[in-house]
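Presented below is the structure to which this report refers.
Pasting the structure below:
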């Protein structure tokens with residue numbers, strides 16, 4: 095992967111505004127250099143390379159990116175995705191995104207204690223498994239509000255449309271009509287029980303990244319879209335081992351542990 099592409103993406107992520115309400119997230123524009131993004135669009139795999147999700151989500155077709163899986167893609171696109179996968183599953187890429195959310199990750203420490211012990215690689219570090227799904231969603235695809243699975247801590251969605259024709263086929267964030275409703279396990283809920291806060295548009299060369307919490311309610315609205323297929327790459331690092339993840343990484347436990355008195359104090363005064 096060209097270092098210029100990496101540095102462009104890192105700078106775009108660093109420059110993106112971190113929004114804290116209703117939960118921490120960023121929406122990054124111009125994530126990749128224009129010429130590289132054009133190349134990426136030309137290298138999107140053909141339909142027959144994708145697997146199909148089981149019911150009721152069969153409108154979602156997917157490729158789990160990993161060294162062994164990208165090697166099986168159509169030859170004309172395999173090398174591109176091999177290099178792209180190696181980059182987004184690197185320690186460097188992980189640390190850029192973790193640093194963006196920083197000590198705010200500690201807010202979930204009460205949910206993480208057992209996972210940090212179970213997945214320790216040393217007294218200081220915990221195992222992290224980077225995973226990515228390259229998906230193609232068709233017109234009737236929808237997802238009820240959910241907070242995402244317990245082992246995740248940051249979730250990224252790269253949007254890869256060719257133009258703005260599927261602009262409203264994006265990712266929506268919500269607040270529950272009952273403010274007391276929270277969930278760490280993340281069942282899929284009914285849209286009608288939530289208020290739509292915002293839909294992040296499926297625009298070319300953009301990326302939504304959010305922090306998993308017990309109120310990170312997000313989903314996909316029920317709408318009739320064109321059936322050309324929405325191309326999105328989900329970047330979903332997880333604490334511990336994860337099915338299909340082949341590149342073990344690690345992070346300091348301090349990112350997820352109970353904040354110290356100094357950390358709590360500085361957070362309170364906004365330092």
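Residue numbers (the numbering used here): 95 to 365. For every residue, glycine included, the Cβ atom is placed at its ideal position computed from N, Cα and C.
Classification of residue i by the beta-carbon crowding that lies within 10 angstroms, buried from 16 upward
i, result
"residue 260", "buried"
"residue 298", "buried"
"residue 143", "buried"
"residue 105", "exposed"
"residue 168", "exposed"
"residue 97", "exposed"
"residue 155", "buried"
"residue 185", "exposed"
"residue 251", "buried"
"residue 327", "buried"
"residue 231", "buried"
"residue 125", "buried"
"residue 218", "exposed"
"residue 290", "exposed"
Distance, residue j Cα to residue i Cα
i, j, result
"residue 296", "residue 208", "37 angstroms"
"residue 100", "residue 109", "14 angstroms"
"residue 198", "residue 113", "12 angstroms"
"residue 118", "residue 318", "29 angstroms"
"residue 229", "residue 157", "6 angstroms"
"residue 136", "residue 174", "10 angstroms"
"residue 315", "residue 292", "11 angstroms"
"residue 257", "residue 236", "21 angstroms"
"residue 138", "residue 274", "42 angstroms"
"residue 321", "residue 265", "17 angstroms"
"residue 337", "residue 300", "27 angstroms"
"residue 272", "residue 111", "28 angstroms"
"residue 278", "residue 351", "17 angstroms"
"residue 364", "residue 201", "Because the pLDDT at residue 364 is just 49, under 50, the model does not fix this residue reliably, and the value given afterwards should be weighed accordingly. Spanning the two alpha carbons is a distance of roughly 15 angstroms."
"residue 147", "residue 190", "31 angstroms"
"residue 216", "residue 335", "15 angstroms"
Beta-bridge partners of residue i, as assigned by DSSP
i, result
"residue 266", "293 and 313"
"residue 305", "248"
"residue 324", "231"
Neighbour flag for residue i against chain C, beta carbons, 9 angstroms
i, result
"residue 169", "No chain C appears in this structure, which consists of one protein chain only."
Beta-carbon proximity check, residue i vs residue j, cutoff 9 angstroms
i, j, result
"residue 211", "residue 332", "no"
"residue 194", "residue 303", "yes"
"residue 224", "residue 343", "yes"
"residue 284", "residue 238", "yes"
"residue 248", "residue 192", "yes"
(request) Identify every run of the beta strand (DSSP E) within the stretch 166 to 233, keeping only runs that are complete inside it and at least 3 residues long; order them along the chain. (result) Counting only runs of 3 or more residues that sit fully inside the stretch 166 to 233, the beta strand (DSSP E) segments are 219 to 223 and 226 to 231, in chain order.
(request) Identify every run of the alpha helix (DSSP H) within the stretch 115 to 174, keeping only runs that are complete inside it and at least 4 residues long; order them along the chain. (result) The qualifying runs are 128 to 136 and 161 to 164.
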